[in-house]
Amino acid sequence: MKKKVVALTLSLVMAASMAACGGSSNSSSKADSGSSDSASASTVEDGDLDYEYGADTTFHSDEPVTYSMMFSDHENYPMQENWRLWSAISEKSNVSFDLTSVARTDYGDKVTATVNSGSAPYIIPKIYDSTPYEDSGQVVAISDWVQYMPNYTKQVEEWGMEDDLKTIYAADGKYYRLPGMWEDAAGGYSLIIRKDIFEAAGVDLSKEATWTWDDFHEALKKVQAYTGKDNIWSDQFQFGCSMNLAATTYGVTAGNSADGGDWGLKDGTKFDFDKNEFYFADTTDEYKNFLTLFSEMYDEKLIDPETFTQDSTQAQAKFFRGDSYVLAANYQILSDIEANNKVTDEGAELYFLTTPSGPKGNLKLSTAAGRLENGIMISQNALDELGEEEFIKMLRFIDWLWYSDEGHMLSQWGVEGETYTLDAEGNVVLNSDIYYNGFNPEATKKLNVDYGFGGGVFAYGGNTQVQLSKFTEGEKEWNERINANKENMELMPPILADEMQKEELNLIKVPLMDYVNTSALEFITGKRDLSADWDTYVKECETQGSSNYVEKVNEIFSDTKDVLGY
Amino acid sequence: MHIKASKGYNVFRIINTIVMILVVFITLYPFIYLIAQSFSSDVAVAAGKVTFFPVDFTTATYKYLLKDNKFFRYYGNTILYSALGTVLSVAFTALLAYPLSKEKLRLNKFFTPFVVFTMYFTGGLIPNYILVTQWLHMGNTIWAVVLPGAISTFNLLLMKSFFAGLPETLEEAASIDGLGVYGIFLKIVLPLSKPIIATMSLFYLVGMWNEWFGPFLYLDDDALKPIALWVRQLVEGANSVDVGSTAEASSVQATLKSATMVLTSLPIICVYPFVQKYFVQGMTMGAVKG
């Protein structure tokens, strides 16, 4: 009797779930046909429009419109409904937002839930990777529509973004998010050092921009000898960030940590531009040299053993107290440390190194990923519910706010005369009572907290002028040091795997790279010996499928060469 | 009459006391640490100087927090959700547990496994989301927070065992005196079940107070969010770094985080001593007949 009841229950549940599946597949196929219809339909005559738009023209709708949008809420500046940002946008464009505000830490989960349930808001910004959503049929292939966006197309053309855009292609040769675009790559992570200590130890910092990792190693030794202290490099992000910084210059991949996730470990492949093929980089001699560098530093007690396990806050505390002298960070973290006088060790003077060079040259690491930023996905709901004409109108609003110079200035600095002014040379001067990113450290109000400007959802990308306007003198000097000494990197082609292929690759990649990362830490900390255990390591990678993986990747690459233009 | 304790017993007592003090210390330390942090200066906390007592004592963090309207709105939401959620949960759980505790209930052999089934299998995230937001249209309302998780199967089974343990003869007597099923439940069973109701209330209250996942999933409007969601954002934010050229790391001061957590856990800590006697009692009561 019992068994029968259970069987009945199970079959009921199965029937119900199959019905649910049927329903959803119906709706998605409907959505598909909708998009192909609309893409082929003719465009609207410009004369009939109820709004103004154009390259370098302010978008303005005659009637007030509201678009639904996801909002990634940053705890540094929690979203407020009375932010000047919202009123400034609607004053100019007559557009307001119906926001779904989600904490940035859980943002991805909410996007997944809304996209996969087909109830996503029209505009989904702050997307770093659209791959997980591409096969859902719920996200518009935006590359089919960018011709309606004059500012966007202008930037792509003028800044030569075609190759950068290829890096976000999906298997069908289309892309699904509108990426933020920089005219010039800048920023990124590097190492903060204690200038006072390094100079007292006799390290010459004037040539720092041309240092190799070995030079940096020598400098650390001098500091160790001078201070008589061990563990002078106690890093945050469980060393993942620093490993990535070095790995890139060695032509290998490394760096995956609990704080921050995948810094650069990825799938372990690199692209050989001479042979036009991918290879597995994390079993090469360069990789061995890369590991040797850090294992020597560890052996000489330069790197704190706790680096690999401690929280980032613990690492920072050591640096602030003067127990350690090196810390991986980006300029925003440095500005925050300086603005809040967090370093309590007396006489401390900080200096932001440029990233040391390696066998692959003195590289500008910010160019490794190209000039693209996080971007915006548009949900299929927008196209279905608005209809083609209104959909294009929305795209043109997005085009103005996220891609025009006026839009960039508005999202970044606010309203001219109210939050900032322009000096005679056209440089932005932030009002003296407002703090932003190291500007006006004494000010009581904050541009992002109190006004909503300069926040991560709207203010990113743009031309060099906008980009430089965000930098304090210190950050400008750091970027100039990089640009004067380091060279841009070549962009690796993307792997245009379809859903099945992605699945296959992932099955190999996840355990393989887990093994690579664990082994890297074991080699560095001396648990395994680089000379004795190296061959075993290479063999084990092989067993885990490194060659098989590369073979598959190269197969996909040669099948899609035409789309990529190789 | 005084019985002299044996030597072995004394040794046991000493070791027991030491172990218990250790356990108490381990349990209390996080709270002490949080309180110490919340009364210290940012700089001292960032440099990791705070362990037991506040360093550079200041109440600035609390003053700042108590000025923040958002904090009170979130807090108010939490109180509302917890109060309503607890009442509904206890009521629903009792209403389902009582009939299931009766063996003579027709199809009981089907219903009880049916309920237990939900302990091990769920529909999954997306189907739940679709059900709540698109079919039941409860998205962005208080109901999405209090209803989907209103009955916890585990609590239900505890309550069912408790009801089953009440003497059948009492109900028979009431029935002879003319009470119907509802009369028996309301006038006889419920008054006898105060301990289990208190236990359930505490369980549900703590659960609702800390609940963040439901609100995160179903509430889109910032004004409806509970404080637990905000605390989670503060705590998680500190451990999450976006890898990107314009990535913004969390720069919320550790002192603010601690003060928020102290204020958030305070009410539960205050309620706990008064209901905790039911806590253990209720658990064992429910476990007598399982």
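Protein chains in written order, with our numbering: chain A, 811 to 1376; chain B, 10 to 299.
Just so it is clear, CB atoms sit at the ideal spot from N, CA and C, and this is done for glycine as well.
Just the Cα atoms here: how many angstroms apart are residue i and residue j?
i: residue 959/A; j: residue 1196/A; result: 17 Å
i: residue 1259/A; j: residue 888/A; result: 7 Å
i: residue 859/A; j: residue 135/B; result: 39 Å
i: residue 1192/A; j: residue 876/A; result: 12 Å
i: residue 884/A; j: residue 208/B; result: 38 Å
i: residue 797/A; j: residue 1032/A; result: This structure leaves residue 797/A out entirely; chain A is present only between 811 and 1376.
i: residue 180/B; j: residue 943/A; result: 58 Å
i: residue 976/A; j: residue 994/A; result: 17 Å
i: residue 904/A; j: residue 950/A; result: 24 Å
i: residue 1226/A; j: residue 911/A; result: 27 Å
i: residue 73/B; j: residue 271/B; result: 14 Å
i: residue 1013/A; j: residue 56/B; result: 26 Å
i: residue 77/B; j: residue 236/B; result: 13 Å
i: residue 932/A; j: residue 1189/A; result: 5 Å
i: residue 26/B; j: residue 32/B; result: 10 Å
i: residue 144/B; j: residue 153/B; result: 12 Å
i: residue 279/B; j: residue 227/B; result: 29 Å
i: residue 1235/A; j: residue 1275/A; result: 12 Å
i: residue 1244/A; j: residue 1347/A; result: 55 Å
Going by the CB atoms, is the gap between residue j and residue i shorter than 7 Å?
i: residue 925/A; j: residue 948/A; result: yes
i: residue 990/A; j: residue 1270/A; result: yes
i: residue 138/B; j: residue 927/A; result: yes
i: residue 1066/A; j: residue 1055/A; result: no
i: residue 1207/A; j: residue 869/A; result: yes
i: residue 1078/A; j: residue 1320/A; result: no
i: residue 909/A; j: residue 1262/A; result: no
i: residue 269/B; j: residue 244/B; result: no
i: residue 1306/A; j: residue 981/A; result: yes
i: residue 988/A; j: residue 1186/A; result: yes
i: residue 169/B; j: residue 75/B; result: no
i: residue 1211/A; j: residue 1303/A; result: no
i: residue 1213/A; j: residue 979/A; result: no
i: residue 878/A; j: residue 917/A; result: no
i: residue 159/B; j: residue 120/B; result: no
i: residue 996/A; j: residue 1289/A; result: yes
i: residue 1105/A; j: residue 907/A; result: no
Starting from residue i, follow its DSSP beta bridges and name the residues at the other end.
i: residue 870/A; result: 862/A
i: residue 1187/A; result: 934/A
i: residue 59/B; result: Answer is none; residue 59/B lacks a bridge partner.
i: residue 992/A; result: 1272/A
i: residue 1080/A; result: 1089/A
i: residue 913/A; result: 883/A
i: residue 1131/A; result: Looking at the DSSP assignment, residue 1131/A forms no beta bridge with any residue, so it has no partner.
i: residue 1003/A; result: 1136/A, 1161/A
Sorted by chain position, which residues of the same chain lie with C-beta nearer than 7 Å to residue i's C-beta, five sequence neighbours on each side aside?
i: residue 225/B; result: 238
i: residue 254/B; result: In this predicted model, residue 254/B has a pLDDT of only 48, less than 50, meaning its place in the structure is not dependable; the value taken from the coordinates is given anyway. Excluding residues within five positions, none has a Cβ falling inside 7 Å.
i: residue 1230/A; result: 1223, 1224, 1238, 1239, 1240, 1241
So, for residue i: in the same chain, excluding its five sequence neighbours on each side, which residues have a beta-carbon less than 6 Å away from its beta-carbon?
i: residue 1357/A; result: none
i: residue 863/A; result: 869, 1206
i: residue 286/B; result: none
i: residue 1380/A; result: Here chain A has residues from 811 to 1376 only, and residue 1380/A is not among them.
i: residue 1030/A; result: 1112
i: residue 940/A; result: 986, 987, 1187
i: residue 1140/A; result: 999
i: residue 1129/A; result: 1137
By the criterion of Cβ-Cβ separation under 9 Å, what are the contact partners of residue i in chain E?
i: residue 1117/A; result: The chain labelled as chain E is not found among the protein chains of the depicted structure, namely A and B.
Is it the case that the CB of residue i approaches a heavy atom of the ligand ZN more closely than 6 Å?
i: residue 874/A; result: This structure simply doesn't include the ligand ZN, nor any ligand for that matter.
Cutting at 8 Å between CB atoms, please list the residues of its own chain near residue i, excluding the five before and the five after it.
i: residue 1233/A; result: 1239
i: residue 1007/A; result: 1033, 1036, 1037, 1135
May I ask you to list, following chain order, the residues of the segment 1191-1208 of chain A that have a beta carbon less than 9 Å from some beta carbon of chain B? Residues of the segment 1191-1208 of chain A with a Cβ closer than 9 Å to any Cβ of chain B: none.
In chain order, what residues of the segment 66-100 of chain B put their CB closer than 8 Å to some CB of chain A? 79
For the segment 137-153 of chain B, enumerate the residues whose C-beta is nearer than 7 Å to any C-beta of chain A, in chain order. 138, 139, 142, 143
Which residues of the segment 1109-1135 of chain A have a Cβ closer than 8 Å to any Cβ of chain B? Give them in chain order. 1121, 1122, 1123, 1124, 1126, 1127, 1128, 1130, 1131
Using a Cβ cut-off of 7 Å, which residues of the segment 1136-1158 of chain A contact any Cβ in chain B, in chain order? 1140, 1142, 1143, 1146, 1150, 1151, 1152, 1154
Against chain B, which members of the segment 1263-1277 of chain A pass a CB distance test of less than 7 Å? 1266, 1270
Which of the residues in the segment 277-288 of chain B, read from start to end, lie with their CB under 9 Å from any CB of chain A? none
Quick one, which residues of the segment 894-918 of chain A are near chain B if we go by CB-CB under 8 Å, in chain order? 909, 910, 911, 912, 913, 914, 915, 916
Quick one: which residues of the segment 878-889 of chain A get their C-beta closer than 8 Å to a C-beta of chain B? List them in chain order. 883, 884, 885, 886, 888, 889
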